[in-house]
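Asker: Protein sequence lines, in the order shown, are assigned to chains Y and E.
Residue numbers for the first sequence follow the working numbering, so the first one is 1 and each next one is one higher.
Residue numbers for the second sequence follow the working numbering, so the first one is 1 and each next one is one higher.
One structure, pasted below without further comment.
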Amino acid sequence: MLCDMKSMRIPILIAVLGVVAACGGAGKSGDATSVLNRGISTEPESLDAHRARSTQAADVLRDIGEGLVSYTASGELTPGVAESWELSDDGLTYTFHLRANAKWSNGEAVIAEHFVFGLRRLVTPATAAFYAQMLADVSNAARVTSGVMQPSALGVTAIDDQTLVIKLDRPTPYLISLLTHPATFPMHPASIEEHGDAFARAGNLLSNGAYVLAGWIPGSVITLHRNEHYWNNAATAIDEVQHHVLTQEMTELARYRAGEIHVTSSVPPESFEQVRSELGDQLHISPYLGVYYYGYNLIKPPFSGSPALRQALSMAIDRDLLVEKITGRGESPAYSWVPPSVDNYEPTVFSYALLSQDERNNIAQGLYEEAGYSAQSPLQLELRYNTSDTQRRVALAIQSMWRDVLGVETKLINEEFQVLLANMRDREITQVFRSSWMGDYNDAHTFLSIMQAGNSANMPAYNSEEYDSLMKRAAEQVDLGRRRLYLEEAERVMLADHPVIPIYFYVSKHLVSPQVQGWGDNVLDYHYSQHLSLKAAE
Amino acid sequence: MLRYTLLRLLGAIPTLLLVIVLAFLMVHAAPGGPFDDERVLPADVEANIAKAYHLDESLPKQFVRYMSGLLRGDLGPSYRYRDHTVSELIRSGFPLSLQLGAMAITLALLAGVSAGTVAALRQDSLLDRVIMSFAMTGISIPVFVIAPVLVLLLAVKVHWLPAGWSGSAGAAKFVLPVFTLALPQIAYIARLTRASMIDVLGRDFIRTARAQGLSTSTLVRVHALKPAMLPVLSYMGPAIAAILTGSVVVEEVFGIPGLGQFFVRGALNRDYTLVLGIVIFYATLIVFLNLLVDILYGVIDPRVRYK
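In structure tokens:
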């Protein structure tokens, strides 16, 4: 025992000093510049718009880049890099006129060739872009993606520096809204060539939007600085934007309440009532382009070839009660597949939507018996959902509604998200499964197209010749009014077959600090930082 | 001792190999893949992605590819954080987790040993009872309960400390995470120290020392503390493991971009390379820590001999 406490003091002292030194240097504050702190719920996969996938990545990308077309704060289409555009009479050729003062963050001009380069890169197989299918209606896009044609065959041409022509295989009224998506933003060829895979890192990434990437700590925060070369820089009010990656809603709420962030990406369900009563004026709830649904496995019993049974289960769900008591964050009950907030579309609703729940239950019981089930021989089914508190609560409620109204014996099976996805795709053991669909653009097509036979997102494996032919007819229409009629008819046909149970339509939920000005609620839930400004704290 | 250390190091190689093979098989056996999502990709797009990330190859081929990268020190690109390599993520996450862990262990040792010693010296007094009930509470309340409560009290209500990590400046942001992480360990170490100290204080050599007229403080510092620390030292292995796993929760709750957070996200996202990289990194670390503890044990207790 020669070593006494004296000799142990030194290592302890060193440890303590090291700790103090380590945390000392991080301090910085920027009172002179205005800094907007926003929460995002997941880390963007990448800031290479072609390797990115999540809506969160797209949110950041919309701050740093700009497409031909953009959105206003309230969600209306507005010219972006393109000042104007025209469409040929056959609906197949768009000509875009780019603004001459559009610049990259290094001061170089944004020219039509940069869009051509970006769009070709998007569909090139080697890029492995998640949104490669976005351009499916552009001439030859699908053939390039499948490797049959060279990228240069893509129907996108730069006539001169300021003129870009996009040729389509079929009329695509929603093309303009697709061109607001980051996957269609211009790319700077020289910087990609120079930096290769690392071109999207801070210091390398050239941007043509209101902000430029200044720093990125994975799992923590993405810092953007004002892009002095942006053509509309004079209209940008906020100098610095920090996107804080806050995966836990409760953490995000605590940080908001502590005054550390100005805008949250969500509001946790367990605190929603409290937030509504305490911070009601800061709470923004707005319809969102997304549907929460239960799908049937249509290729296996008991749901293959039994539309009556599928309808009975759908009708027995009291959606109004569900959104009021279970989800309770302003969601609206879904009686159609396409959300009512979609532009230029009137969703078809279930024929029973106007009946009271009691009347629906009566009909449902009749259908249930017609399908051959009764109290003596009840339907036994398995309902799969991904592990989460909200999903569990919804599943429990529906389980009890089915039991009370029809006598169905439902076994609830919760699975990790990736496991559920794998089972849904296999279609071997699933019977009823929870899923959702979020619109990629503000058009009914983004919802209706996935129910076409062979669409990879068609989880129930719905297959109806009538539906597919109506969708095909709709795709041939140049006239928006006629196209809309075909789409609405297609939805009517699909709903009558009950391949899915739409349950509710999502809403976006944000807490927005009273300091933040210029916030606009919109169905796309897009909130460009360049539209916001900060009022001095009181 | 050198021979012993070398032999142990050689023995670590098959252990690590086994860990790598098992981890590789397990991540690939988990249902789903890194690019599965509710929005299922069209077949062409999916095929292009599988090809770009070599997921279209057979499992043995992927393993050989991974191992040959590993031998060159290349842990591959992360599938989820596509702009970063796994090595970069470990380099950015580990120092932070280490800092947190080191601070938590230091705090746990200082506070735990002091509290335990005081409690032992005042055995069965009111002070002893108070310390021990605090210790019991510290052990029983899980981290994911303590953390939000502390945040609510100290950050949201009174604004003394930042509620989150990113963007906040200075040392203050370490306080809540370190305290949360250390609390159960303080409690555990306090109880261990108390029990062991009471045992040591009853031994003959202490009585002899006391008979020689040593003051209580000298007695504890010079004679009693070291033998009483032995159980605490053997507890350091589990304590470090507990802090590593505890840091997963703490990093999630406070939004700290440490290795724990990457590990959890990696597993949920089926980010094969990231999970494998961190498993290999931790496995190596733990093998070496175990070796280190064994060597240290010999330094403190001369009865232990290396064979």
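Ideal Cβ positions, reconstructed from N, Cα and C, are used throughout, including at glycine.
These numbers come from a predicted model, not from an experiment.
Restricting to Cα atoms, I'd like to know which of Arg-484/Y, His-531/Y and Gly-80/Y is closest to Pro-171/Y.
Answerer: Taking only the C-alpha atoms, the option nearest Pro-171/Y is Arg-484/Y.
Asker: Would you tell me roughly how many angstroms separate the C-alpha atoms of Ser-58/E and Val-27/E, rounded to the nearest one?
Answerer: About 15 Å.
Asker: Determine whether the beta carbon atoms of Phe-130/Y and Val-45/E lie at a separation below 8 Å.
Answerer: Yes, the Cβ-Cβ distance between Phe-130/Y and Val-45/E is below 8 Å.
Asker: At a cut of 8 Å, does the segment 66-77 of chain Y reach the segment 243-252 of chain Y through at least three beta carbon pairs?
Answerer: No: fewer than three Cβ pairs fall under 8 Å.
Asker: Contact defined as beta carbons within less than 8 Å: I believe Val-523/Y pairs with Gly-75/Y. What is the distance between those atoms, to the nearest angstrom?
Answerer: Going by Cβ atoms, the distance from Val-523/Y to Gly-75/Y rounds to 6 Å, so yes, they are a contact pair.
Asker: Using a Cβ-Cβ cut-off of less than 8 Å, give me the residues of the segment 299-332 of chain Y that come near chain C, in sequence order.
Answerer: Reference to chain C is not applicable here, since the protein chains of this structure are Y and E.
Asker: Going by beta-carbon coordinates alone, are Asn-232/Y and Tyr-211/Y separated by less than 8 Å?
Answerer: No, they are not a contact pair.
Asker: Please decide whether Leu-89/E counts as near chain Y, where near means a Cβ-Cβ distance under 8 Å.
Answerer: Leu-89/E counts as touching chain Y.
Asker: Spatial neighbours of Ala-310/E within its chain, please: CB distance less than 6 Å, with the 5 preceding and 5 following residues excluded, ordered by chain position.
Answerer: The first residue shown for chain E is 1 and the last is 307, placing residue 310/E beyond what the model contains.
Asker: From Pro-339/Y, Glu-489/Y and Ala-235/Y, pick the residue whose C-alpha is nearest to that of His-531/Y; which is it?
Answerer: Measuring from the Cα of His-531/Y, the nearest candidate turns out to be Ala-235/Y.
Asker: On the criterion of 16 or more Cβ atoms from any shown chain inside 10 Å, does Thr-15/E qualify as buried, or is it exposed?
Answerer: By the neighbour-count rule (16 or more Cβ atoms within 10 Å), Thr-15/E is not buried but exposed.
Asker: Nearest by alpha-carbon distance to Leu-322/Y: which of Ser-529/Y, Val-394/Y and Val-138/Y is it?
Answerer: Nearest C-alpha to Leu-322/Y: Val-394/Y.
Asker: Rounded to whole angstroms, what's the CA-CA distance from Ala-258/Y to Asp-128/E? Just pull it up for me.
Answerer: Ala-258/Y and Asp-128/E: Cα-Cα distance of roughly 37 Å.
Asker: When the cut-off is 8 Å and only beta carbons count, does Ser-456/Y lie next to chain E?
Answerer: So, interface residue.
Asker: Can you give the beta carbon distance from Asp-63/Y to Ile-40/Y, rounded, assuming they're within the 8 Å contact cut?
Answerer: Not confirmed; about 11 Å, so no contact.
Asker: Of the choices Asp-169/Y, Met-401/Y, Ala-316/Y and Pro-502/Y, whose alpha-carbon is the least far from that of Ile-363/Y?
Answerer: For the residues Asp-169/Y, Met-401/Y, Ala-316/Y and Pro-502/Y, the minimum Cα distance to Ile-363/Y belongs to Ala-316/Y.
Asker: Give me the subset of the segment 154-185 of chain E whose CB atoms are less than 7 Å from a CB atom of chain Y, sorted by chain position.
Answerer: The residues in question are Ala-155, Val-156, His-159, Pro-162, Ala-163, Gly-164, Trp-165, Ser-166, Gly-167, Ser-168, Ala-169, Gly-170, Ala-171 and Phe-174.
Asker: Figure out for me which residue from Ala-182/E, Glu-38/E, Asn-48/E and Gly-93/E has the closest Cα to the Cα of Ala-132/Y.
Answerer: For the residues Ala-182/E, Glu-38/E, Asn-48/E and Gly-93/E, the minimum Cα distance to Ala-132/Y belongs to Asn-48/E.
Asker: Please state if the CB of Gly-32/E and the CB of Leu-421/Y are separated by a distance shorter than 8 Å.
Answerer: Cβ atoms of Leu-421/Y and Gly-32/E: closer than 8 Å.
Asker: Determine, using beta carbons only, whether Val-143/E and Gly-73/E come nearer to each other than 8 Å.
Answerer: In this structure, Gly-73/E does not lie closer than 8 Å to Val-143/E by Cβ.
Asker: Which residues in the same chain have their Cβ closer than 6 Å to the Cβ of Asp-525/Y, if we skip the five residues on either side of it in sequence?
Answerer: Excluding positions up to five away in sequence, the list reads Tyr-288 and Ser-508.
Asker: Which one of Ala-444/Y, Pro-460/Y, Asn-414/Y and Glu-415/Y has the shortest CA to CA distance from Arg-425/Y?
Answerer: Closest option to Arg-425/Y, Cα to Cα, is Pro-460/Y.
Asker: Mind listing the chain Y neighbours of Val-86/E? Cutoff is C-beta to C-beta under 7 Å, in chain order.
Answerer: Neighbours of Val-86/E on chain Y: none; closest Cβ ~11 Å, over 7 Å.
Asker: Counting only C-beta atoms, is Arg-540/Y closer than 8 Å to chain E at any point?
Answerer: Absent from the structure is residue 540/Y, since the part of chain Y shown begins at 1 and ends at 538.
Asker: Flag Met-5/Y as yes if its beta-carbon sits less than 8 Å from any beta-carbon of chain E, otherwise no.
Answerer: The predicted model places Met-5/Y with a pLDDT of 37, which falls under 50 and marks its position as unreliable, so this point remains unresolved.
Asker: Between Met-308/E and Ala-120/E, how many whole angstroms is the CB-CB distance? I'm expecting something under 8 Å.
Answerer: Since the displayed chain E opens at 1 and closes at 307, residue 308/E lies outside it and no answer follows.
Asker: On the DSSP bridge list, what partners appear for Ser-508/Y?
Answerer: Looking at the DSSP assignment, Ser-508/Y forms a beta bridge with Ser-286/Y.
Asker: Helix, strand or coil for Asp-74/E, going by three-state DSSP, please let me know.
Answerer: In the structure shown, Asp-74/E sits in coil (DSSP, three-state: anything other than H, G, I, E or B).
Asker: Whose CA, out of Ala-214/Y, Thr-124/Y, Phe-115/Y and Gly-196/Y, lies closest to the CA of Leu-179/Y?
Answerer: It is Phe-115/Y.
Asker: Under 6 Å Cβ to Cβ from Pro-340/Y, same chain only, skipping five residues before and after it: list those, please.
Answerer: Pro-347.
Asker: Please report whether the beta-carbon of Ala-128/Y lies at a distance below 8 Å from any beta-carbon of chain E.
Answerer: Yes - at least one Cβ of chain E is within 8 Å of the one on Ala-128/Y.
Asker: For Gln-380/Y, name the three-state secondary structure that DSSP assigns.
Answerer: Looking at Gln-380/Y - three-state DSSP - the assignment turns out to be strand.
Asker: So, are the CB atoms of Ile-243/E and Leu-183/E less than 8 Å apart?
Answerer: It is not a contact, given that the beta carbons lie outside the stated cut-off.
Asker: Is Glu-76/Y close to chain E, meaning its C-beta is less than 8 Å from at least one C-beta of that chain?
Answerer: With 8 Å as the cut-off, Glu-76/Y does not count as an interface residue toward chain E.
Asker: Please list the terminal residues of the continuous beta strand (DSSP E) segment that includes Tyr-4/E.
Answerer: Premise fails: Tyr-4/E lies in the alpha helix (DSSP H), 2-29, not in any beta strand (DSSP E).
Asker: On the three-state DSSP scale, how would you describe Asn-423/Y?
Answerer: Of the three classes helix, strand and coil, the one that applies to Asn-423/Y here is helix, per DSSP.
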